[in-house]
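*Asks:*
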Amino acid sequence: QQQQQQPQQHQSMVAQLPPLTLKTYDAVNGILNIELLNLSTDQIEENRIEFEFVCVIKGTRYAFSFNQDKCNIPALALTPIPCIFIRFTVHLQDYSIRFKMRYKTNEEEWSPFSDEYSAQIQSLITSTFAVNQIVNYRQKSVTDFYLKQGLIVQILDDDFVGILPQQYWRRIRNDDDDDDDPTRHILKVHKSRILGRKIDLDSLIDTRQHIAIDSEWTDFLILKSMHIDDTRSLFTLLTDIYANYAQHSCDAHHHGQFADYDTYFIGRYIACHVLQYISYDSKVPRFMMHCLLHSSDGILEMFKVRHYIIESRIAALHTHTIDDANQTDLCHVDDLSDRCDVCNVGISSFDWMLKCPASICDYHVVCLQCANNVVVQYVQLLRILDHILSDRVDYDCIQLIGAYTVAPIVHLA
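For the sequence shown, the residue numbers in this note's numbering are 32 to 444.
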């Protein structure tokens, strides 16, 4: 009789684990935001919760799992709701995905799957802002080298928004007893000087590292100059090998010095240089790309992130953008990191980035993934247009159509 009761007790314990309740939004710039409505960050951390994500893309089923060790799950700034960010490849056209999730705590069995949700992965590379959204911004002052944080409280005309600086919206949220009216401190800021909330790399699940999808176009921008058989497979293999070496080296000699996500980028960085050494072809097509956020800012130039961060600090000191009196309070360059001004995702120090030549407080930074997305869209559209229009217009006209439709890119032969 006791043996019969034990399975029943175990089943009741499993039944107490309810399915996830989710809230999701269409993915902008390939980033899908999923809110976990019936969990808290404390529950996730205390119970070491593991998640499984199952999705269907164009009729093919994909699945992968992750936990707090692989993905830090932050809470939204104005609420205690934890959220997950998942990056998908951006295509030439919008496409939809269907997905569901389940979870388990410690060694318990999986919960039932959540309801099935759907989302659109939008093709447009764009920045959108809304009331009650936390953003980072710079004002017109040329001394605004570092970003400030604020809350959008108004959407104004002519691409301006009203922002309440951080110290004042926190005062409202905490119901501080203060005679000062925080709304008096609303700032009028142009959208070109606003960035969305930063998504740290350790809070992002990148589907490229979990599922084999669109492999032909993944890392196209850094592999296009390599002409050897099966470049993609060799690049993936070398990335995995060097990433494992990096992980072992960090564990043995540099514990705590590098983040876990850095090992993937270290592996990719080395693999790219190895392949370039053995197979570089200077005659391959090149792409000249204007700034994706403000095309009149000039042509994007690719930098190695570590080199760029150091050069940026030196330039800020030389131009006195950083006040001489406050130099002793500056953080060390090893603690600095950058973020993409398009997708708002952090950029690893062992990666590449693209930057426009605008002034030190006005320039924009684009991560390699966003740059790769627009170049792939551009190339795909040119192939379609060339097939349809090649006997009617010349290739220069086709390129102009592609640049007008996708992004300000020029295909250099």
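Using N, Cα and C, we set each Cβ at its ideal position, and we do this for glycine too.
In this text the structure is predicted, and so the values were computed from the model without any measurement.
If you draw a straight line from the alpha carbon of residue 356 to that of residue 291, how long is it in whole angstroms?
*Replies:* Any reading at residue 356 must be qualified, since the residue scores a pLDDT of 49, below 50, and its modelled position is unreliable; the value itself is stated next. The straight-line gap from Cα to Cα measures roughly 36 Å.
*Asks:* Answer with buried or exposed for residue 397, where buried requires no fewer than 16 other C-beta atoms within 10 angstroms of its C-beta.
*Replies:* buried
*Asks:* Looking at residue 242 and residue 220, is the spacing between their C-beta atoms short of 8 Å?
*Replies:* no
*Asks:* Are the beta-carbon atoms of residue 408 and residue 437 separated by less than 8 Å?
*Replies:* yes
*Asks:* Runs of 3 residues minimum, wholly inside the stretch 367-442: which ones carry the beta strand (DSSP E) assignment?
*Replies:* 383-386, 396-398
*Asks:* Should residue 299 be labelled buried (16 or more other beta-carbon atoms within 10 Å of its own) or exposed?
*Replies:* Classification of residue 299: buried, given that the 10 Å Cβ count is 16 or more.
*Asks:* My assumption, with CB atoms under 8 Å, is that residue 78 sits in contact with residue 49. Please give the rounded CB distance.
*Replies:* So it is not a contact: roughly 14 Å between Cβ atoms.
*Asks:* Tell me the rounded alpha-carbon separation between residue 144 and residue 249.
*Replies:* 30 Å
*Asks:* Buried or exposed for residue 378, please, with buried defined as at least 16 other CB atoms from any protein chain shown within 10 angstroms of its CB.
*Replies:* buried
*Asks:* What whole-angstrom Cβ distance do residue 331 and residue 321 have, given they're in contact under 8 Å?
*Replies:* 7 Å
*Asks:* For the candidate residues 297, 236, 442, whose alpha-carbon lies nearest to that of residue 114?
*Replies:* 236
*Asks:* If we ignore side chains and look at the alpha-carbon of each, how far apart do residue 307 and residue 402 end up?
*Replies:* 19 Å
*Asks:* Residue range of the alpha helix (DSSP H) that residue 102 falls in?
*Replies:* Segment: none, residue 102 is in no alpha helix (DSSP H) and carries neither H nor E.
*Asks:* Use the C-beta contact count for residue 423: other C-beta atoms within 10 angstroms, 16 or more gives buried, fewer gives exposed.
*Replies:* By the neighbour-count rule (16 or more Cβ atoms within 10 Å), residue 423 is not buried but exposed.
*Asks:* If you count every other CB in all the chains shown that lies within 10 Å of the CB of residue 319, and 16 or more means buried, which is it?
*Replies:* The C-beta of residue 319 has fewer than 16 other C-beta atoms within 10 Å across all chains shown, which makes the residue exposed.
*Asks:* Taking the alpha-carbon positions, what's the residue 262 to residue 383 distance?
*Replies:* 20 Å
*Asks:* Would you call residue 445 buried or exposed, if buried means 16 or more other Cβ atoms sit within 10 Å of its Cβ?
*Replies:* The first residue shown for the chain is 32 and the last is 444, placing residue 445 beyond what the model contains.
*Asks:* Using only alpha-carbon positions, find the residue among 431, 133, 214, 155 that is nearest to residue 183.
*Replies:* 214
*Asks:* Would you check whether the ligand ADP has a heavy atom nearer than 7 Å to the C-beta of residue 151?
*Replies:* The ligand ADP is not part of the structure shown, which contains no ligands of any sort.
*Asks:* Just list the residues that DSSP pairs residue 251 with in beta bridges.
*Replies:* In the DSSP output, where bridge partners are listed per residue, residue 251 has none listed.
*Asks:* If the criterion is Cβ atoms closer than 8 Å, does the pair residue 62 and residue 281 meet it?
*Replies:* no
*Asks:* Should residue 120 be labelled buried (16 or more other beta-carbon atoms within 10 Å of its own) or exposed?
*Replies:* Burial is judged here by how many other beta carbons sit within 10 angstroms of a residue's own beta carbon; residue 120 has at least 16 and is buried.
*Asks:* Indicate the three-state DSSP secondary structure (helix, strand or coil) for residue 86 in the structure shown.
*Replies:* strand
*Asks:* In the DSSP assignment, find the unbroken beta strand (DSSP E) run with residue 55 in it and report its ends.
*Replies:* 53-55
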